[in-house]
Amino acid sequence: MSFPHRLVSLQVQTHADHFAEAIYKGLTADSKSLPIKYLYDNSDPALFERLTHERRCYLARAEETLLIRFAPRIVQQLEDNTALIKLGNRDTPQTRHLITALLAKQGASLFAPIDISGDFLAKSIKCLNRDYPDLNLMGIIADYSLGLNILSKEIAQPCLLLWLGSDISHIEYAKAAQLLREHLVAELKPGDKLLLGIDMKKPIEQLNAAYGCNNDKGNAMRLVSLSFARHALRRINRQMQGNFIPENFDYYCHYNTVLGCVQIYLRSICEQTVAITQLGLRIHLAENEYIHIHNSYKYSQQDIQTLVETTGLTLEQQWIDADTLYSINLLSVPLLPALTEVQST
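Heads up: the sequence shown runs through residues 1 to 345, numbered per the UniProt record's numbering.
Next comes the structure, spelled out in structure tokens:
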């Protein structure tokens, strides 16, 4: 059987509009920032692959290793005719392991990725349609909350929501729980499931090596991360008529033991003024002033348990790699209690 694929756009604003608003807000704040969700575009597809598959980037390797081994076991815990909904557009090996296992179990399936970038989503859908003719593909161009809200009205069958790649780590603990509870889980049905990838807490020296936080200028991960961050400045130059000189910025990160996260910045290596014509901005940066890129929160088992309890989900099973670097968590939305018939006397 072969299914047509389709893209549904629910955006009121374009991706470029969101990008411009986020850049303006971030660079005019007292503590300057560039939001990670808008840092990457498709002008250099090899760059993101270099970042995620760099030898020291344990996260992608650990997640794929777990799914190679456990994807068949995961799908065996799903009801027949389960649909896959994925937060994010990237066509990753991890996602494909789950698709392959699910198709082997039930013969056909609906797969609905959600992302704000229509270009990325269209490319991903095209590749999956070529390789999986038994997959009914529906890409939703929207933010996660709106996309799930629409799909909840369209899909009556059981669902497995995929939130992989430890994307949850970009959000502080309390806000991550709130996002799950109020905007994601709220759109799922009782009995639906969530497969959540979570990066675990580990020794600081491991995190320093993984993120390039040490002072080794030749650290491969540091070099790739710096290229990724400078790419964002070039994107601003290209799309918003900016005049950033990317080489005037270095990469800095450290693990904040109080917050439980790696904090990543661009550091201005000299005093400079940058203009962004399209936004009508002139930005002064002092020498050694930082532009915050993102935080990457790490979870202990207690942190995961707190997340589960706060969101009202049930943790059905957890898989952790041999080095306890990463976990995949299968959670479910509790079933509604059965109604008890009350007889009148």
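Where is the CB? At the ideal position from N, CA and C, for every residue including glycine.
query: H97 burial status per 10 Å Cβ neighbour count (16 or more: buried); result: buried
query: Range of the contiguous alpha helix (DSSP H) that encloses G197; result: Careful: G197 lies outside any alpha helix (DSSP H), inside the beta strand (DSSP E) at 193-199.
query: Buried versus exposed, by CB contacts within 10 Å (16 or more), N89; result: buried
query: Rounded straight-line distance, which links the Cα of H292 to that of D134; result: 43 Å
query: Backbone secondary structure at D17 - three-state DSSP; result: helix
query: Sub-8 Å separation of C261 and S225 beta-carbons; result: no
query: Boundaries of the alpha helix (DSSP H) in which G118 is found, first to last residue; result: 118-131
query: Under the three-state DSSP convention, the category K86 falls into; result: strand
query: Rounded straight-line distance, which links the Cα of I125 to that of K193; result: 23 Å
query: Assigned secondary structure, F244 (DSSP; H/G/I helix, E/B strand, else coil); result: coil
query: Residue burial classification, S344 (beta-carbon count within 10 angstroms, cutoff 16); result: The pLDDT assigned to S344 is 46, lower than 50, so where the model puts this residue is not dependable, and the model offers no usable value.
query: Test: H231 CB closer than 8 Å to a CB of chain D; result: Looking at the structure shown, chain D is missing, and only one protein chain is on hand.
query: Buried or exposed by the 16-neighbour rule on C-beta atoms within 10 Å, applied to L66; result: buried
query: 8 Å Cβ cutoff met for T314 and P334; result: yes
query: Beta-carbon proximity of I204 to Y265, cut-off 8 Å; result: no
query: 6 Å CB neighbourhood of E316 in its chain, flanking five on each side removed; result: L330, S332
query: Where the beta strand (DSSP E) containing L207 begins and where it ends; result: L207 -> not in any beta strand (DSSP E); alpha helix (DSSP H) instead, spanning 204-211.
query: V274, DSSP secondary structure in three states; result: strand
query: CA-to-CA distance, F249 to F228, given in whole angstroms; result: 12 Å
query: E21 CB to nearest heavy atom of the ligand SAM below 7 Å; result: With respect to the ligand SAM, the structure offers nothing, as it holds no ligand at all.
query: Close beta carbons around T277, own chain, < 6 Å, minus the five adjacent residues each side; result: Q241
query: For T324, three-class secondary structure by DSSP; result: coil
query: Rounded separation between L151 and A112 - CA only; result: 8 Å
query: Neighbourhood of M1 by C-beta distance below 8 Å, restricted to the same chain and skipping five residues each side; result: Low confidence applies here, because M1 scores a pLDDT of 48, under 50, leaving its location unreliable; read the following figure in that light. For M1, where only same-chain residues beyond five positions count, the Cβ hits under 8 Å are A108, P133, D134.
query: Cβ-Cβ separation, M200 to L325 (assumed contact under 8 Å), whole Å; result: 6 Å
query: Environment of E63 [buried if 16+ CB atoms lie within 10 Å]; result: buried
query: C-alpha distance - R55 paired with R6, whole-angstrom precision; result: Reliability of the predicted coordinates at R55 is poor, the pLDDT of 45 falling under 50, and no value is obtained from them.
query: Cβ-based neighbour list, Y290, same chain, cut-off 6 Å, excluding 5 preceding and 5 following; result: Y265, R267
query: Of the residues I74, S117, L121, T92, the one placed nearest A101, counting alpha carbons only; result: I74
query: Buried versus exposed, by CB contacts within 10 Å (16 or more), residue 347; result: A query on residue 347 cannot be resolved here, the shown segment of the chain reaching from 1 to 345 and no further.
query: Straight-line Cα distance separating N288 from M221; result: 22 Å
query: Outcome for H294 when other beta-carbon atoms lying within 10 angstroms are tallied against a minimum of 16; result: buried
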